[in-house]
Structure formats: structure tokens, C-alpha cells
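Below is one structure; the comments refer to it alone.
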Amino acid sequence: MGPVVDSNEAMRCEYISTILHTAVSILEGLVILPQMEVSGDESSGRVDYAIKRIIDNLLEEIICITEGKQNLPGIGVAQNLIQYKSSCE
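Dropping the structure here:
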């Protein structure tokens, strides 16, 4: 795939997708939702990935939201936290 540092967003998403799919395949009841729309008081928009846990036919919960950031990881973490909070509203 090549180095992540010099890659564009699409290539970074390929790396992230591989890691997330591997992690989700280990556990049962989890699904990956790419390009999920999030809406809330503090943040709205599309996130690169969300992971949901399916509890039963009527109940599910978002357990993870992530964005593929090339640099400034602190800002990426803060953005993920705000988007996660908005998705729970």
C-alpha cells in the first residue's frame, strides 16, 4: 500500500478500513458503518467510520467513531469525541 505519511485521504481510509474490519471480525455483533451521518447540538456531518454493537433486533449502540487524519492527532481525537457525543443525542 505504501507509506501512510505521504498518502491521500482515500489511501489512509484503506489502512483504517483494514484495521477496523480485522478488529470487528474478532468480535460478534459489531458492524462498521462507513460515511455515517452524525447530527447533534455541537457537531453534525459525516464521519469516516462508526462501529455499532447490535444488541437485538430493536436495540443497537454506537461504540466508536473515527476519522482518518494525516496529522494533528490531538485535534482528530477531540473531533471524534465531539462527534461521538453528538451521535448519542
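Using the numbering used here, the first residue of the sequence shown is number 812, and each one after it goes up by one. C-beta: ideal position from N, C-alpha, C; glycine also.
Between which two residues does the beta strand (DSSP E) containing residue i stretch?
| i | result |
| --- | --- |
| residue 831 | Element bounds for residue 831: not the beta strand (DSSP E) but the alpha helix (DSSP H), 820–837. |
DSSP puts residue i in a beta bridge; with which residues?
| i | result |
| --- | --- |
| residue 883 | According to DSSP, which records beta bridges pairwise, residue 883 is partnered with nothing at all. |
Of the choices the options, whose alpha-carbon is the least far from that of residue i?
| i | options | result |
| --- | --- | --- |
| residue 840 | 825, 834, 864, 860 | 864 |
| residue 822 | 896, 886, 859, 887 | 859 |
_Touch test, the segment 846–855 against the segment 821–830, Cβ-Cβ under 8 Å, three pairs minimum_ = no
_Counting beta carbon pairs with one atom in the segment 860–869 and one in the segment 881–888, are three or more of them shorter than 8 Å?_
no
_Going residue by residue through the segment 841–887, where are the continuous beta strand (DSSP E) segments of at least 3 residues, counting only ones entirely within it?_
Complete beta strand (DSSP E) runs here, min 3: 841–850, 855–865, 871–877.
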